[in-house]
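Read the structure below first, then the notes.
See below:
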């Protein structure tokens, strides 16, 4: 059974940092791109960042460019999201997902809550 488990969320003051992790089990995802998404209360889920299977290509939403960094360790089946200079508007539940087809994400985790206080 495929499972993605996010961790690393928490409460942080504006300007602070957090590092999220997503561990995949039940299958090897080293050949797939991985993505991070987030959903704030009352809002739709939105794309945050993506990393190719080879780690040579990364993409970010404009709202996080220069502040967030996505990376992965294929040997550990883990993808990370380093979040710096956090803002209150970054408050959301963060999810990781596997891009099984171009621009199609399947196998979602349950998410980890990130709360940024002003």
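In this note's numbering, the protein residues as written are 67 to 184.
Every residue, glycine too, gets a C-beta built ideally from N, C-alpha and C.
ask   = Bridge partners of residue 83, per DSSP?
value = As a working mapping, residue 83 is identified with position 17 in the chain shown. Note: residue 83 sits in no beta bridge, so no partner.
ask   = Under the rule that 16 or more other beta-carbon atoms within 10 Å means buried, what is residue 80, buried or exposed?
value = Within the chain shown, numbered from 1, the residue matching residue 80 stands at position 14. When all chains shown are included, residue 80 counts as exposed.
Closest residue to residue 153 among 106, 171, 98 and 136 (Cα-Cα distance) = Position 87 of the chain shown holds residue 153. Just measuring C-alpha positions, the residue of 106, 171, 98 and 136 sitting nearest residue 153 is 106.
query = The beta strand (DSSP E) spanning residue 157 covers which residue range?
reply = On the chain shown, residue 157 is found 91 positions in, with the first residue counted as 1. Careful: residue 157 lies outside any beta strand (DSSP E) and carries neither H nor E.
message = Please return the same chain residues whose Cβ sits closer than 8 angstroms to the Cβ of residue 98, not counting the five positions on each side in sequence.
response = As a working note, residue 98 is residue 32 in the chain shown. 119, 164, 165 and 166.
ask   = In or out: residue 147 buried (at least 16 other Cβ within 10 Å) or exposed?
value = For the purposes of this step, residue 147 is identified with residue 81 of the chain shown, where counting begins at 1. Burial call: buried.
Residue range of the beta strand (DSSP E) that includes residue 126 = Along the chain shown, read from residue 1 onward, the residue named residue 126 stands at position 60. The continuous beta strand (DSSP E) containing residue 126 extends over residues 124-126.
query = In terms of alpha-carbon separation, which member of 70, 69 and 86 lies closest to residue 77?
reply = Reading the chain shown from its first residue, position 11 is the one you call residue 77. Ranking 70, 69 and 86 by Cα distance to residue 77 puts 86 first.
key: Those residues which DSSP pairs with residue 134 across a bridge   = Stepping through the chain shown from its first residue, residue 134 is reached at position 68. Looking at the DSSP assignment, residue 134 forms a beta bridge with 149.
query = In the DSSP assignment, what are the bridge partners of residue 76?
reply = Start at 1 with the first residue of the chain shown, and residue 76 comes out as number 10. DSSP output for residue 76 lists 180 as bridge partner(s).
request  = Whole angstroms is fine: what's the gap from residue 136's alpha carbon to residue 116's?
outcome  = As a position in the chain shown, residue 136 is number 70, starting the count at 1. As a position in the chain shown, residue 116 is number 50, starting the count at 1. Computed Cα separation, rounded: 7 angstroms.
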